[in-house]
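Numbering (the numbering used here), first residue to last: 70 to 729.
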């Protein structure tokens, strides 16, 4: 009964979304305030209805209602409760229900927290957001209904994909969806502004919090996925340029560009057309990512579906929204005339360079991801584009971005001086070059990647710290320290986020340059050297888990002859799904991880064992966490929470001439 109510609530939510699309947009066009006002309760009602629908599906998974086809295909009575709950979105249909729930949530938030917006703009934002939601309601109800019943309920289910039965993957999709769908709000603001025919500084401030929130959630989601891939897949890597990874990385890059270009719109009323275009493209790439994950066009270890018919439907949604938005963008070009002017040497120009590098980086990833499909469909050739291409094509743009970031942040608005901006950065530049040279001198037989990463990391972090310190003025040390604590949260957020990026750049370069690897067949009692560590295989045995059988090893790690830890890598078999997974044994450290994987038994005796020494691995996710914390600091800044559109009325002079 509850699932039937959930299905009914989903249909009703779709009807409310249609109402929310039509009535506020017509009201805004006609100037009917009563019609515009109806968008607010409609957004709340829609969210409540789809929330109930999602809760009903969750209940079916929790109680193992195998009469529901989706529960039968993605759950099992012996599965731990955490994975019964996360199984709701660990499949195509349930994840799409989570998608529309998040769409409805953001629409409701625009209603709840958008009282500062002009009535017509808020009505149009709610209407466009509901239109996006209507498209996905149609997709779910017509092609991906999660509430389908089975005529003969089975005794038990087929279990969830074992790769998804992990804490990292339990929370990775919701954060990604909050990022993907958060970009739908920036899209809605862009289309609403085009319909209004007005893009100004107030719009730039209104759109920034939504962009920042989407970028923040995407950062957390991508970091969780990278962390999961590192310890769960057993390949010893943190990023594989997998199509699904790229599907989330492309909108992240464009969201970062949009975030910075919106600042120029707010401060200088420039880059209006470019910012609107970025808002359209960022959400367009989110839709493209949905197509990649669910169409079967590209294969991945964590794609949701392999259904060309569903892919065509998503492609139609993509074409409709992106094509329609770009057409409207072309028609309304006159409304985006730039007012602010700036010189070639200015912070605006630095932000333009930032945008160009981020956008081109996203385009490079896009080409590398979809080129094999194009080559096969058009040229009739089967090609594979892997990590070597992405590393060679993508890295130069991020190196350039890291180089200009500190200087650009120090330049003045409108007209700046490179000499004046670079003067306080001289100590940082000298330190970065010196530490890079030291790293190069200490390493033997390695590439220059590690030293370059050291120099870039120090340059970006030191530059961010210098920029923050410069904002305290030129008074005495005590006064400056006092002012440091009173700086706006956005300034601290900028420092923390940029520092996180510098740390991540250094950590990625250091890991790739200084990693050690050993693959061998080992017998119990064998001991071998890898880098500065020794590893000993103590024992291998079988262990029964709640819904799997594991081959588990005890492996001791030594340094300088002293035992520093014992880890327990596993190779699991999930009988219901008949699928193996690898659980690496990792001894985490501040400077390096020792990463061990137990493989299959060998015919001649012994076990296949892989050993990796991963320097600065945890710094990658530490830097990502810092970037997200920086975004959270900026999002909590009062200037992004107050009524951005409140008109500051200047008192009219009662007489005389105002002072200049």
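Glycine included, every Cβ here is placed at the ideal spot set by N, Cα and C.
Kindly indicate which three-state DSSP category residue i falls into: helix, strand or coil?
i           : result
residue 408 : coil
residue 104 : helix
residue 198 : helix
residue 73  : helix
residue 617 : coil
residue 589 : strand
residue 227 : coil
residue 644 : coil
residue 436 : helix
residue 552 : helix
residue 150 : helix
residue 115 : helix
residue 158 : coil
residue 183 : coil
residue 668 : strand
residue 137 : strand
residue 634 : strand
residue 265 : helix
residue 275 : helix
residue 543 : coil
residue 379 : helix
residue 484 : coil
residue 212 : helix
residue 707 : helix
Could you tell me which of the options sits nearest to residue i, measuring between CA atoms?
i           : options            : result
residue 150 : 615, 654, 687, 644 : 615
residue 597 : 678, 545, 617, 524 : 678
residue 476 : 467, 487, 469, 466 : 487
residue 686 : 297, 180, 134      : 297
residue 90  : 162, 201, 158      : 201
residue 522 : 126, 582, 269      : 582
residue 191 : 435, 613, 318, 257 : 257
residue 647 : 275, 618, 632, 515 : 618
residue 308 : 553, 109, 457      : 457
residue 346 : 335, 255, 494      : 255
residue 146 : 229, 123, 106, 176 : 229
residue 203 : 152, 231, 79, 215  : 79
residue 160 : 138, 72, 174       : 138
residue 320 : 388, 337, 250      : 250
residue 409 : 270, 671, 354      : 270
residue 411 : 357, 338, 280      : 338
residue 329 : 293, 356, 97, 277  : 277
residue 113 : 676, 216, 199      : 199
residue 594 : 216, 586, 607, 584 : 607
residue 509 : 459, 571, 579      : 579
residue 353 : 183, 589, 386      : 386
Would you mind giving the Cβ-Cβ distance between residue i and residue j, rounded to the nearest angstrom? I have them listed as a contact below 8 Å.
i           : j           : result
residue 248 : residue 287 : 3 Å
residue 332 : residue 264 : The Cβ separation is near 24 Å, so there is no contact.
residue 391 : residue 349 : 7 Å
residue 315 : residue 434 : 5 Å
residue 259 : residue 284 : That belief does not hold up - the Cβ atoms of residue 259 and residue 284 are roughly 16 Å apart, past 8 Å.
May I have the straight-line CA-CA distance separating residue i from residue j, to the nearest angstrom?
i           : j           : result
residue 240 : residue 168 : 14 Å
residue 116 : residue 156 : 22 Å
residue 649 : residue 639 : 10 Å
residue 605 : residue 253 : 52 Å
residue 68  : residue 119 : The requested residue 68 does not occur in the structure, where the chain is confined to residues 70 to 729.
residue 635 : residue 657 : 11 Å
residue 548 : residue 540 : 12 Å
residue 664 : residue 560 : 38 Å
residue 206 : residue 82  : 8 Å
residue 141 : residue 289 : 31 Å
residue 550 : residue 428 : 37 Å
residue 405 : residue 267 : 7 Å
residue 111 : residue 135 : 34 Å
residue 463 : residue 431 : 9 Å
residue 474 : residue 516 : 25 Å
residue 789 : residue 351 : Residue 789 falls outside the range modelled here, since the chain spans only 70 to 729, and no answer is possible.
residue 383 : residue 403 : 32 Å
With DSSP as the reference, please indicate the residues paired to residue i in a beta bridge.
i           : result
residue 650 : 641
residue 532 : DSSP output for residue 532 lists no bridge partner at all.
residue 684 : 661
residue 623 : 608
residue 677 : 590
residue 603 : 598, 627
residue 655 : 664
residue 218 : 137
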